[in-house]
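Participant: Chains as they are written, first to last, in the working numbering: chain L, 88 to 339; chain B, 88 to 339.
The beta carbon of each residue, even a glycine, is placed where N, CA and C say it ideally should be.
So that we are looking at the same thing, I have put the structure below in structure tokens.
Protein chains: 2
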Amino acid sequence: MSDGSDVELPENVALAWGLRERPSRGPKRGLSLEQVVAAGIQVAQSEGLGAVSMSRVAGELGAATMSLYRYVPTKHDLLDLMVDTAYGPPPPPRAPDEGWRPALTRWAEGNLTALRRQPWMRHVPISGPPINPNQVRWLEYGLTALAGTGLRGTERVSTIMLVSGYARSWATTTADLMEAAVRSGQTPDQVGLHYWQHLARLTADGPYPAIHELIAEGDDEDDYADAEWRFGLGRVLDGVEVMIQTRTAGGR
Amino acid sequence: MSDGSDVELPENVALAWGLRERPSRGPKRGLSLEQVVAAGIQVAQSEGLGAVSMSRVAGELGAATMSLYRYVPTKHDLLDLMVDTAYGPPPPPRAPDEGWRPALTRWAEGNLTALRRQPWMRHVPISGPPINPNQVRWLEYGLTALAGTGLRGTERVSTIMLVSGYARSWATTTADLMEAAVRSGQTPDQVGLHYWQHLARLTADGPYPAIHELIAEGDDEDDYADAEWRFGLGRVLDGVEVMIQTRTAGGR
DNA sequence: CTTATCTGCGTAGACCATACGCAGAAGCTA
DNA sequence: TAGCTTCTGCGTATGGTCTACGCAGATAAG
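This is how it looks when you write it as structure tokens:
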């Protein structure tokens, strides 16, 4: 019956997958987990993650603070749930006749889009490997993009982590810049300009030749941001391609 | 005298670069910024970032909570300063006769080592582009590794960001796993095993062929962690190499 | 010696997460 | 139908958090 390898699911995971059947004894619940999560997302979206407190979220629902703890074990679990549903489902998976590269590109851009639409998500620390429903769906589609490439299992996983890590860090940096701009009432361009000015001044008297060369070279692109994203992603995928080609060619 | 393009440095940056001369009027200071930062690091290192509160750090120094605000404008600025000094200086820069790839590899591994030595750093959210002294030094050496490769300025910056982002996200995931293990009194291997077991159970009845294939393939490496790190880094650098070679060969 | 300025720091305000326990609602069992 | 069990929302309380404000005393300039 039980083979001993069974370890019961952590509470938060069971919750995320909807595996907690409501008991039939007591009074009916006035709220639902989905409502609580949605209210949390709404607060985060409109006022930032910092505004997400148990009492603020409860207020949004017309409930008392402590009521939320009937739906969620801990605030951090609520945040995890919020991230999972705010991320939403992944973009369409690789089509039968599609190459791995366009599929993985779409997957990466989906990551970026999700993070851009809900920028507060970048401030929720990653609590572990992907285990919640949407996270798992994203993982599935990411792996699907790499099926049949000859990459080993761990390599496929590493590649997915590599790409999503890139999307996250890129989204983070640009969103930080954007928010700094809004805070100071400037355009992002101005903020970027000030950054380089400050950097130039601070490094002026020190041994920073590479930075000076960089500054001297100047930098006035139009579609700067998007080009930079594409560049990084292109490098990552080129690297993956190199490996795939050696696998496909060399056989072994 | 002033050409109008001058924008004064933000307070926290000036502080980080030691550009705030102490005024000569009042009584002598009982502490120094360095001491405050060091105390913060010590608390973070021994009890985790969560234990770093103004009162805890002040206690470490035998001072009152509010005294710290004579040295640091805000708690978040303290955290930024802590990260900058805990990161420490970068590893040796690219030697004259050294290729870009070993130099950048060393740089990436330096990132990883720093993050591993002080794992609490991963929980301090990145507050903007690198502007504090050690951050700038790391940037300098990273760019140095790419000097003379034919890469444009923005491309060099993107590459650096790509590599450091990879190091950060990889360090984060492994440290999370490690801490989860410690918390539950298991070995990291056991935690990893449980993860795959849970994932298998949760996806058992759903449309997750790629995940099932991954699980079926099994995964029992010895030096698993390190191999995975090297794989991702290798992919990134291969991608960079592709671009450098087209630049070097094709001219324009 | 006066005066300006800076120091450490006590107090207080406005939050926060969450442990505990209670009154009442809902269903199960007899 | 009665009683028991279990579950509900949520009030209260504990023990934190950051930091604004302002005061008493120290220091040095004029």
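1. Just the Cα atoms here: how many angstroms apart are THR161 of chain B and ALA195 of chain B?
2. Applying a beta-carbon distance threshold of less than 9 Å, which residues of chain L neighbour VAL327 of chain B?
3. Out of curiosity, what's the CA-to-CA distance linking ALA190 of chain B and ARG116 of chain B?
4. According to the neighbour-count rule (16 or more other Cβ atoms, all chains shown, within 10 Å of its Cβ), is VAL223 of chain L buried or exposed?
5. With 9 Å set as the bound, which would you pick, yes or no: does the beta-carbon of LEU249 of chain L sit closer than that to a beta-carbon of chain B?
6. Between the stretch 196-213 of chain B and chain L, which residues of the former have a C-beta closer than 9 Å to a C-beta of the latter?
7. Along the stretch 268-279 of chain B, what residues have a CB closer than 7 Å to any CB found in chain L?
8. At the 9 Å Cβ level, is GLY319 of chain B part of the contact set with chain L, yes or no?
9. Ordered along the chain, which non-local residues of its own chain (more than five positions away) have a Cβ less than 8 Å from that of GLY321 of chain L?
10. CA-CA distance, ASP90 of chain B and VAL144 of chain B?
11. Between ALA59 of chain L and the rest of its own chain, which residues show a CB-CB distance below 6 Å, the 5 nearest in sequence each way excluded?
12. How big is the Cα-Cα spacing for PRO212 of chain B and THR259 of chain B?
13. Does the beta carbon of GLY237 of chain L sit closer than 9 Å to a beta carbon anywhere in chain B?
14. Using the C-alpha atoms, what's the distance from VAL123 of chain B back to ILE247 of chain L?
15. Just mark MET141 of chain L as buried or exposed, buried being the case when its beta carbon has 16 or more other beta carbons within 10 Å.
16. Can you list, in chain order, the residues of its chain with a C-beta nearer than 7 Å to that of ALA267 of chain L? Leave out the 5 residues immediately preceding and following it.
17. With a threshold of 7 Å on Cβ separation, who are the neighbours of VAL170 of chain L within its own chain once the five nearest residues in sequence on each side are excluded?
18. With 16 as the cutoff for other CB atoms within 10 Å, does VAL94 of chain B come out buried or exposed?
19. Would you mind telling me which residues of chain B sit closer than 8 Å to GLU242 of chain L, beta carbon to beta carbon, in chain order?
20. Can you tell me the Cβ-Cβ gap for ALA297 of chain L and LEU230 of chain B, rounded? I've got them flagged as a contact below 8 Å.
21. Just to confirm, are ARG270 of chain L and LEU202 of chain L a CB contact at a threshold of 9 Å?
22. Tell me whether LEU148 of chain L sits in a helix, a strand or coil according to DSSP, three-state version.
23. Extract the residue ranges of the beta strand (DSSP E) inside the stretch 263-337 of chain B, only unbroken runs of 3 or more that lie entirely within it.
24. On the premise that SER245 of chain L lies in contact with GLU315 of chain B, defined as a C-beta separation below 8 Å, what is that separation, rounded to the nearest angstrom?
25. For a cutoff of 9 Å on Cβ pairs, would you count ARG255 of chain L as touching chain B?
26. Looking at the secondary structure, which residues open and close the alpha helix (DSSP H) in which GLU227 of chain L lies?
27. Given ALA173 of chain L, which residues of its chain have a CB within under 7 Å of its CB, disregarding the five upstream and five downstream residues?
28. Could you name the residues of chain B that TRP104 of chain L contacts, counting a contact when the two beta carbons are closer than 7 Å?
29. First and last residue of the alpha helix (DSSP H) that includes GLU98 of chain B?
30. Is the beta carbon of LEU280 of chain B less than 9 Å from the beta carbon of ILE218 of chain L?
31. Buried or exposed: which applies to ARG243 of chain B, given that a residue is buried once 16 or more other Cβ atoms fall within 10 Å of its Cβ?
32. Between VAL323 of chain L and VAL323 of chain B, which are expected to be in contact by the criterion C-beta below 8 Å, what is the C-beta distance as a whole number of angstroms?
33. Output the residue ranges of the alpha helix (DSSP H) runs that lie fully inside the stretch 145-201 of chain L and measure 4 residues or longer, sorted by chain position.
34. Excluding the 5 residues preceding and the 5 following ILE302 of chain L in the sequence, name in chain order all residues of the same chain whose CB lies nearer than 8 Å to its CB.
35. Can you list the residues of chain B that MET330 of chain L reaches, using a CB-CB cut of under 9 Å?
36. Do you know offhand how far LEU249 of chain L's Cα is from THR152 of chain B's?
Facilitator: So, to answer that:
1. If you number the second sequence from 1, residue 161 of chain B lands on position 74. If you number the second sequence from 1, residue 195 of chain B lands on position 108. Whole-angstrom Cα-Cα distance: 31 Å.
2. Walking along the second sequence from the start, residue 327 of chain B turns up at place 240. Under the 9 Å cutoff, chain L gives ARG322, ASP325, GLY326.
3. As a first step, residue 190 of chain B is located in the second sequence; it is residue number 103 there, counting from the start. As a first step, residue 116 of chain B is located in the second sequence; it is residue number 29 there, counting from the start. The straight-line gap from Cα to Cα measures roughly 43 Å.
4. Taking the first sequence and counting its residues from 1, one reaches residue 223 of chain L at position 136. Buried.
5. Within the first sequence, numbered from 1, the residue matching residue 249 of chain L stands at position 162. Yes, its Cβ sits closer than 9 Å to a Cβ of chain B.
6. ARG209, HIS210, PRO212, ILE213
7. none
8. Translated into positions along the second sequence, residue 319 of chain B becomes position 232. Answer yes: the Cβ-Cβ gap between GLY319 of chain B and chain L drops below 9 Å somewhere.
9. Looking up residue 321 of chain L in the first sequence gives position 234. Within the same chain, no residue comes within 8 Å of GLY321 of chain L by CB-CB distance, once the 5 residues on both sides are set aside.
10. Within the second sequence, the letter at position 3 stands for residue 90 of chain B. Within the second sequence, the letter at position 57 stands for residue 144 of chain B. Residue confidence is low: ASP90 of chain B scores 42 on pLDDT, short of 50, so the model does not pin down where it sits. Its coordinate-derived value is still stated next. The alpha-carbon atoms of ASP90 of chain B and VAL144 of chain B are separated by roughly 42 Å.
11. Given that chain L is displayed from residue 88 to residue 339, the structure contains no residue 59 of chain L and the question cannot be resolved.
12. As a working mapping, residue 212 of chain B is identified with position 125 in the second sequence. As a working mapping, residue 259 of chain B is identified with position 172 in the second sequence. When rounded, the distance between both Cα atoms is 12 Å.
13. In the first sequence, counting from the first residue as 1, residue 237 of chain L sits at position 150. No, its Cβ sits nowhere closer than 9 Å to a Cβ of chain B.
14. Within the first sequence, residue 247 of chain L is the residue found at index 160, counting from 1. Within the second sequence, residue 123 of chain B is the residue found at index 36, counting from 1. Cα-Cα distance, rounded: 40 Å.
15. If you number the first sequence from 1, residue 141 of chain L lands on position 54. MET141 of chain L should be labelled buried.
16. As a first step, residue 267 of chain L must be located in the first sequence, where it is residue number 180. These residues qualify, in order along the chain: VAL278.
17. The sequence position of residue 170 of chain L within the first sequence is 83, counting from 1. Result list for VAL170 of chain L: MET208, VAL211, in chain order.
18. What you label residue 94 of chain B is simply residue 7 of the second sequence in a count that begins at 1. With fewer than 16 Cβ atoms within 10 Å of its Cβ, VAL94 of chain B is classed as exposed.
19. As a working mapping, residue 242 of chain L is identified with position 155 in the first sequence. Result: PHE318.
20. By one-based count along the first sequence, residue 297 of chain L stands at place 210. By one-based count along the second sequence, residue 230 of chain B stands at place 143. With a Cβ gap of about 4 Å, ALA297 of chain L and LEU230 of chain B count as contacting.
21. The count along the first sequence starts at 1 and reaches residue 270 of chain L at position 183. The count along the first sequence starts at 1 and reaches residue 202 of chain L at position 115. Result no, Cβ atoms of ARG270 of chain L and LEU202 of chain L do not sit closer than 9 Å.
22. By one-based count along the first sequence, residue 148 of chain L stands at place 61. Coil, per DSSP.
23. If we require 3 residues or more, the stretch 263-337 of chain B turns out to have no beta strand (DSSP E) run fully inside it.
24. The sequence position of residue 315 of chain B within the second sequence is 228, counting from 1. The sequence position of residue 245 of chain L within the first sequence is 158, counting from 1. 5 Å between Cβ atoms; contact.
25. As a position in the first sequence, residue 255 of chain L is number 168, starting the count at 1. Yes, contact with chain B.
26. Start at 1 with the first residue of the first sequence, and residue 227 of chain L comes out as number 140. Counting along the chain, the alpha helix (DSSP H) containing GLU227 of chain L begins and ends at 220-232.
27. The residue given as residue 173 of chain L occupies position 86 in the first sequence. Taken in chain order, the residues that qualify are ILE128, GLN205, MET208.
28. The count along the first sequence starts at 1 and reaches residue 104 of chain L at position 17. Ordered by position in chain B, the residues that pass the 7 Å Cβ test against TRP104 of chain L are LEU289.
29. Mapped onto the second sequence, residue 98 of chain B falls at position 11. Counting along the chain, the alpha helix (DSSP H) containing GLU98 of chain B begins and ends at 98-103.
30. In the second sequence, the residue the question calls residue 280 of chain B occupies position 193. In the first sequence, the residue the question calls residue 218 of chain L occupies position 131. For the 9 Å CB-CB criterion, LEU280 of chain B and ILE218 of chain L do not form a contact.
31. Counted from its first residue, the second sequence places residue 243 of chain B at position 156. Buried, since its Cβ has 16 or more Cβ neighbours within 10 Å.
32. Working through the first sequence from its first residue, we reach residue 323 of chain L at position 236. Working through the second sequence from its first residue, we reach residue 323 of chain B at position 236. Confirmed, Cβ separation roughly 6 Å.
33. 162-174
34. Position 215 of the first sequence, counted from the first residue, corresponds to residue 302 of chain L. Closer than 8 Å at Cβ, skipping near neighbours: TRP283, LEU286, ALA287.
35. Numbered from its first residue, the first sequence carries residue 330 of chain L at position 243. PHE318, GLY321, ARG322, ASP325, listed in chain order.
36. Counting from 1 along the first sequence, the entry for residue 249 of chain L is found at position 162. Counting from 1 along the second sequence, the entry for residue 152 of chain B is found at position 65. When rounded, the distance between both Cα atoms is 42 Å.
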